[in-house]
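Below you'll find the structure, written out as structure tokens, and then a few comments.
Number of protein chains: 2
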Amino acid sequence: MKPSVGIRDVAQHAGVSNATVSNVLNRPDVVAPATRQRVLAAIEELGFVRNESARQLRAGRSRVIAYVVLDAANPFFTDVARGVEDAAREAGFALFLCNSASDDTREREYLELLHEQRVEGILITPVDGEAARFAERGTPVVLVDRESVDGTHCSVAVDDVLGGELAVTHLIENGHTRIAMVGGPLSIQQVRDRYEGAMRALANAGLPKSALTLLETKGLQVAEGKGAGERLVGLPSSRRPTAAFCANDLLALGLLQSMTQQGLKVPDDLAVVGYDDIDFAAAAAVPLTSVRQPRDQLGRTAAALLLSENEPDHEHRHVKFQPELVVRASSAVKR
Amino acid sequence: MKPSVGIRDVAQHAGVSNATVSNVLNRPDVVAPATRQRVLAAIEELGFVRNESARQLRAGRSRVIAYVVLDAANPFFTDVARGVEDAAREAGFALFLCNSASDDTREREYLELLHEQRVEGILITPVDGEAARFAERGTPVVLVDRESVDGTHCSVAVDDVLGGELAVTHLIENGHTRIAMVGGPLSIQQVRDRYEGAMRALANAGLPKSALTLLETKGLQVAEGKGAGERLVGLPSSRRPTAAFCANDLLALGLLQSMTQQGLKVPDDLAVVGYDDIDFAAAAAVPLTSVRQPRDQLGRTAAALLLSENEPDHEHRHVKFQPELVVRASSAVKR
DNA sequence: CTCAGTCGTTAAAACGTTTCAACATCGAGG
DNA sequence: CCTCGATGTTGAAACGTTTTAACGACTGAG
């Protein structure tokens, strides 16, 4: 089945030594044009495909970086991945995408595998802090959308505390004083930070902490948002929040859907603010107010940092971008 | 920087031969419990990580399959990927995701790379037919969401012609006689098939071919859908279609957005039917009628076929699923 | 007390590349 | 005519595993 034609076969077929074939492959300029042509012809004819394992074993290098993503179904991450890939390609690297799906076992397995594969570097949006430490075993690691706790990695993040603050300040300015924060689990740092930002907004406005109720979810997917919506509607309307700040847009979309299904109006009965400003947010049932993050730039910068990691005088850097509030109909002021 | 501790170091540290260490790694049952413990301890202590390149070089196997996806930003594909990953994991394989982003150069590069990596198998939703043939060079390949032209691969697909027929029949039954088909480029087979299905629906209903106008787009992303919307609105209302069938949900969402922005009502001014029934379709501005495909099953089946590929008496199979129309508000009948 | 059979371990040979030092060949400069 | 440097090419030694056949030490049966 596998003809398994190696460099030696090519060499023999072209009447040269295997070293020359290798040179044609890696340093074409060093070999005489005529010979080069002959070798290339032989490669073509025999359908030779370089065995990357062998190359890597000997050469140590691998031309591949990987991005372990928290949730491949979340457009936010695929957009970041797109940025990563573009930057990687420009530098001659290929990108392997791995989906941890918010599962730390899965994440660990992928990290182990990537490590064994000796990829040149790993980008990761980690499920938990543990994993980041686990990753640090020889392979350069850059944290994406998460700040490095200790200083052992580069990281590229967005100021999530500020993002949360922007969102909730906006709601407060629109007159809301009973606000729900939807998101979880709190073990995810983004969620914690956005929550903290929300609390800060309250403090700035001189509102009591009780003005914000946390509706903790088990994950950050659409379905969880729906569930939160049902819980919200279950509350007696006197105590029910008039606004919800969701830890990401998927939750917000789920919440939206659930509201519509249960006959409540957004923003009249409940104002909603999401996070990430994914493309679908603008196309939602009620166009979604959301906190925008520079997704593409996040990815590109992360890749750039990773690739700079094996420069001689590398120092770990922590880049932090600013989020931006995009106001749409879902949080329009009550009339 | 890299300590690069190898199997030999472990062996020495544990006072055994490297063969024994290898046995501990690969056939733990064959080595005496006491020795095994000692070796494991040494591995732990030295922080040994098996070098996958070397293993693969010698063993020939690789424990990795890859899915080259047409558009990682399209939730349809990430859902399929999820199915693939689950099935792969159950079989002890890891999944690398590669995004061709509808770019045949990119696709080719990834295929080349995966081939060099000697992955155990490749799943692909190809950009063009060429690529599928290119892929066939020793590594098993299964086509996903696309039928194999020649019989050289397994394939898992959904009956796109039927899907198109379902969608347009539905529109015709709702009284529409001027229908637009939005999608492209026609070089993508899914688009062609869905178009063919649409034509068939016309024929079934005894409508002339002119009842369907093709609005060809350059891609299948949200932005293209918006563009198509603008083109549609530009038409004089006497000739403007009253319904649109979009080749996928991203286009439909873009179209929807564009309608709203230009002050037209869906479904009153324009009924819209999408394709794929991604999760966001139900949460859209106007919940989207769409043609549902069994995404998860598509992925799982594809993975299963791929893994069965190196069984001794393998024959290429072509699995075809049935799509299903999900009716929502975007195509509600005019009142 | 011997012999066959287990069991656990090992030395050494792969696997298919890259790389390094050495080797021809040739033209030019002395 | 000899030497030197440049230019192309090559043989052989890695790289870090897995694998195979062989080994010695025991055990239990005869």
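Here the protein sequences come in this chain order: R and S. All residue numbers for the first sequence refer to this note's numbering, where the first residue is 1 and numbers rise by one. All residue numbers for the second sequence refer to this note's numbering, where the first residue is 1001 and numbers rise by one. By construction, the Cβ of each residue, glycine as well, lies at the ideal position given by its N, Cα and C atoms.
- Taking all protein chains shown into account, ASP193 of chain R has 16 or more neighbouring C-beta atoms within 10 Å of its C-beta and is therefore buried.
- Pairing ARG1082 of chain S with GLN37 of chain R, the inter-Cα distance amounts to about 45 Å.
- Between VAL156 of chain R and VAL319 of chain R, the beta carbon gap of about 5 Å places them in contact (Cβ cut-off 8 Å).
- The Cβ-Cβ distance between LEU1270 of chain S and ALA1304 of chain S does not fall below 8 Å.
- DSSP places ASP9 of chain R inside the alpha helix (DSSP H), whose first and last residues are 7-14.
- Closest in C-alpha terms to SER100 of chain R, from the list R:ALA72, R:VAL10, R:ASN26, R:GLY164, comes R:ALA72.
- Around the Cβ of HIS115 of chain R, a 10 Å sphere holds 16 or more other Cβ atoms; the residue is buried.
- Closer than 8 Å to the CB of VAL1049 of chain S there is at least one CB belonging to chain R.
- Nearest Cα to ARG1295 of chain S within the set S:THR1020, S:VAL1021, S:VAL1084: S:VAL1084.
- About 19 Å separates the beta carbons of ASP160 of chain R and ALA131 of chain R, which is beyond the 8 Å limit, so they are not a contact pair.
- According to the DSSP assignment, ASP296 of chain R belongs to the alpha helix (DSSP H) that extends over 295-308.
- The alpha helix (DSSP H) runs of length 4 or more contained entirely in the region 114-151 of chain R are, from start to end of the chain, 129-135.
- Boundaries of the beta strand (DSSP E) harbouring PHE1096 of chain S: 1094-1099, taken from the DSSP string.
- Proximity to ALA1066 of chain S across S:GLY1263, S:VAL1119, S:GLU1109, S:GLU1044 peaks at S:VAL1119, based on C-alpha coordinates.
- Annotated three-state conformation of ILE1188 of chain S is coil, per DSSP.
- Shown here, HIS1176 of chain S sits in coil according to DSSP, grouped into three states, outside any helix or strand.
- Cβ-Cβ distances below 8 Å link GLY1254 of chain S to GLN1221, VAL1222, ALA1223, GLU1224, GLY1225, LYS1226, GLY1227, ALA1228, GLY1229 in the same chain, with the five nearest sequence neighbours on each side left out; the list follows chain order.
- Counting C-beta pairs with one atom in each stretch, the region 162-173 of chain R and the region 143-150 of chain R have fewer than three that are closer than 8 Å, which means they do not touch.
- One Cα belongs to HIS1176 of chain S, the other to GLY1234 of chain S, and the distance between them is close to 20 Å.
- In the structure shown, GLY225 of chain R adopts helical secondary structure according to DSSP, grouped into three states.
- Taking C-beta atoms as the reference points, PRO267 of chain R and ALA332 of chain R count as a pair closer than 8 Å.
- The beta-carbon distance between LEU256 of chain R and THR217 of chain R, rounded to whole angstroms, is 15 Å. This is too long to meet the 8 Å contact definition.
- Residues of the region 47-79 of chain R with a C-beta atom less than 7 Å from some C-beta of chain S are GLY47, VAL49, ARG50, ASN51, GLU52, SER53, ALA54, GLN56, LEU57, ALA72, ALA73, PRO75, THR78, ASP79, listed in chain order.
- Put simply, the backbone Cα of ARG133 of chain R is about 57 Å away from that of MET1199 of chain S.
- The residues ILE179, ALA243, PHE245, ALA271, VAL273, SER331, in chain order, have a CB closer than 7 Å to that of LEU171 of chain R in the same chain once the five nearest residues on each side in sequence are set aside.
- Per DSSP, MET1199 of chain S has no beta bridge partner at all.
- Its chain contains ASP1128 as the residues whose beta carbon lies nearer than 7 Å to that of SER1187 of chain S, once the 5 sequence neighbours on both sides are disregarded; these appear in chain order.
- The contact set of ASP279 of chain R on chain S, defined by CB atoms closer than 7 Å, consists of VAL1222 in chain order.
- For HIS170 of chain R, the secondary structure class from DSSP, reduced to helix, strand or coil, is helix.
- 8 Å or more divides the Cβ of LEU307 of chain R from the Cβ of ASP145 of chain R.
- Contact note: GLN1322 of chain S does not reach chain R at a C-beta cutoff of 8 Å; the least C-beta distance is about 24 Å.
- Under the criterion of beta carbons closer than 8 Å, ASN1248 of chain S and ASP1276 of chain S qualify as touching, at roughly 5 Å.
- Between the alpha carbons of THR20 of chain R and ALA11 of chain R lies a distance of about 8 Å.
- Of all residues in the region 280-301 of chain R, only PHE280, ALA282, ALA283, ALA284, ALA285, VAL286, PRO287 come within less than 9 Å of chain S when Cβ atoms are compared, listed by chain position.
- Chain S has a Cβ within less than 8 Å of the Cβ of LEU253 of chain R.
- Partner residues in the beta bridge of THR213 of chain R, as assigned by DSSP, are R:ALA180.
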